[in-house]
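Chemist: Structure incoming, see below.
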Amino acid sequence: MQRSKVRDDPTLLHHFNLAYEQLQRGLGTGDFRYDLLIMLVMTLSAPSQTPYINIKNQKNGYYFDLMDGTRDRQGAAMYAATVVTRMLWHLTKEQFDPAPPNTASVEEVTKRLEHYKVTYWLMVGIGWVDLSNPNCLRRSLRRHECVMRSDAALREYYVELDRLRVDDPDGFIYRIFHGRFPIRKYNWVEVCKSSYSEY
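In my numbering, the protein residues as written are 838 to 1036.
And the structure:
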């Protein structure tokens, strides 16, 4: 991350450093939510192209898509860092609101990194958050329209994924990419096959 363009913006770098500190603090504590976070981020980061939620056609439903072009290692790392940070906005909300001194706010980070397409819809799609209004189909969600899933729901999800990754790797991939948005444009098992060796 230090080598990316983020280093040219101290307030943005401070924001990512804050997220990194929160992640380090949570890992190894036995909190299953951080294990789930890592599991989801590693899976999203596995493809050579960037996954995102395609929200162009509300009538037919939203679905996981891939951005054009192959991302390099630095691009993949920056994407992963952005996903982790956005997930932590929900998990450790109090650490980011309000933003500490000399640190970019959540809103500023959202605007500056929108080209990665790490949206609130992505958080919904991977099962990290729920919609506060289940019938909402707005293309551009606001943060207050998403709520962190209950610990019970996340634990059930984690246990399911942890079982699938061992017993049914194909089912593991399918569950993440089609658990909430069932439309299939790609064979995500093939797209993400490089992620198997990571677990």
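Ideal Cβ positions, reconstructed from N, Cα and C, are used throughout, including at glycine.
Kindly indicate which three-state DSSP category M876 falls into: helix, strand or coil?
Modeler: Taking the sequence shown and counting its residues from 1, the one referred to as residue 876 is at position 39. Helix.
Chemist: Just the Cα atoms here: how many angstroms apart are A989 and D967?
Modeler: Position 152 of the sequence shown, counted from the start, is the residue given in the question as residue 989. Position 130 of the sequence shown, counted from the start, is the residue given in the question as residue 967. A989 and D967: Cα-Cα distance of roughly 13 Å.
Chemist: Apply the 10 Å Cβ neighbour rule to L959 and answer buried if 16 or more other Cβ atoms are within range, or exposed otherwise.
Modeler: As a first step, residue 959 is located in the sequence shown; it is residue number 122 there, counting from the start. So L959 ends up on the buried side.
Chemist: How about Y889 and T919: do their beta carbons lie closer than 7 Å?
Modeler: To locate residue 889, count along the sequence shown from 1; it is residue 52. To locate residue 919, count along the sequence shown from 1; it is residue 82. For Y889 and T919, no; Cβs fall outside 7 Å.
Chemist: What residues in its chain sit with their C-beta under 8 Å from that of R986, if we drop five residues either side in the sequence?
Modeler: Along the sequence shown, read from residue 1 onward, the residue named residue 986 stands at position 149. Hits under 8 Å: G964, W965, V966, D967, Y994.
Chemist: Which same chain residues end up closer than 6 Å to V946 when comparing Cβ atoms and leaving out the 5 residues on each side of it in sequence?
Modeler: Sequence index remark: in the sequence shown, residue 946 carries index 109 (1-based). Taken in chain order, the residues that qualify are H852.
Chemist: Between Y1029 and T887, how many whole angstroms is the CB-CB distance? I'm expecting something under 8 Å.
Modeler: Counted from its first residue, the sequence shown places residue 1029 at position 192. Counted from its first residue, the sequence shown places residue 887 at position 50. Looking at the sequence shown, residue 1029 is not Tyr but Cys. Contact doesn't hold; Cβ gap of about 13 Å is too wide.
Chemist: Return the residue from the list F901, F1018, I1013 that minimises the CA-CA distance to L873.
Modeler: In the sequence shown, the residue the question calls residue 873 occupies position 36. That would be I1013, whose Cα lies nearest to the Cα of L873.
Chemist: Residues in the same chain with beta-carbon distance under 8 Å from R908, minus the five sequence neighbours each way, listed in chain order, please.
Modeler: Your numbering for residue 908 matches position 71 in the sequence shown. Correct list, in chain order: S885, Q886, T887, Y916.
Chemist: Apply the 10 Å Cβ neighbour rule to I1020 and answer buried if 16 or more other Cβ atoms are within range, or exposed otherwise.
Modeler: Taking the sequence shown and counting its residues from 1, the one referred to as residue 1020 is at position 183. With fewer than 16 other Cβ atoms within 10 Å, it is exposed.
Chemist: Rounded to the nearest angstrom, what separates R976 and F1018 at their Cα positions?
Modeler: Along the sequence shown, read from residue 1 onward, the residue named residue 976 stands at position 139. Along the sequence shown, read from residue 1 onward, the residue named residue 1018 stands at position 181. Roughly 14 Å between the two C-alpha positions.
Chemist: Rounded C-beta distance between L864 and Y871? I'm assuming under 8 Å.
Modeler: Within the sequence shown, the letter at position 27 stands for residue 864. Within the sequence shown, the letter at position 34 stands for residue 871. At roughly 5 Å, the Cβ-Cβ gap stays under 8 Å, so L864 and Y871 are in contact.
Chemist: What is the DSSP secondary structure of I890, counted as helix, strand or coil?
Modeler: In the sequence shown, residue 890 corresponds to position 53, counting from 1. Strand at I890.
Chemist: Under a Cβ-count criterion, where at least 16 other Cβ atoms within 10 Å of its own Cβ denotes burial, should L925 be classed as buried or exposed?
Modeler: Walking along the sequence shown from the start, residue 925 turns up at place 88. Buried: at least 16 other Cβ atoms inside 10 Å.
Chemist: Taking M985 as part of the beta strand (DSSP E), name the residues at either end of that continuous run.
Modeler: Within the sequence shown, the letter at position 148 stands for residue 985. Unbroken beta strand (DSSP E) run through M985: 983-985.
Chemist: With distance defined between alpha-carbon atoms, name the residue in G906, C973, F1009 nearest to S892.
Modeler: Sequence index remark: in the sequence shown, residue 892 carries index 55 (1-based). In the sequence as displayed, the identity of residue 892 is Ile instead of Ser. The candidate whose alpha carbon is nearest that of I892 is C973.
Chemist: Below 6 Å CB to CB, which residues in the same chain sit around R980 once its five sequence neighbours on both sides are set aside?
Modeler: In the sequence shown, counting from the first residue as 1, residue 980 sits at position 143. Nothing meets the Cβ criterion.
Chemist: Starting from D967, follow its DSSP beta bridges and name the residues at the other end.
Modeler: For the purposes of this step, residue 967 is taken as the residue at position 130 of the sequence shown. D967 pairs with V984.
Chemist: Using DSSP bridges, identify the partner residues of Y900.
Modeler: Here residue 900 corresponds to residue number 63 of the sequence shown, with the count starting at 1. Per DSSP, N891.
Chemist: According to DSSP, simplified to helix, strand and coil, what is H852?
Modeler: Taking the sequence shown and counting its residues from 1, one reaches residue 852 at position 15. Three-state DSSP puts H852 in a helix.
Chemist: Given T922, which residues of its chain have a CB within under 8 Å of its CB, disregarding the five upstream and five downstream residues?
Modeler: The sequence position of residue 922 within the sequence shown is 85, counting from 1. Closer than 8 Å at Cβ, skipping near neighbours: H852, F853, A856, V946.
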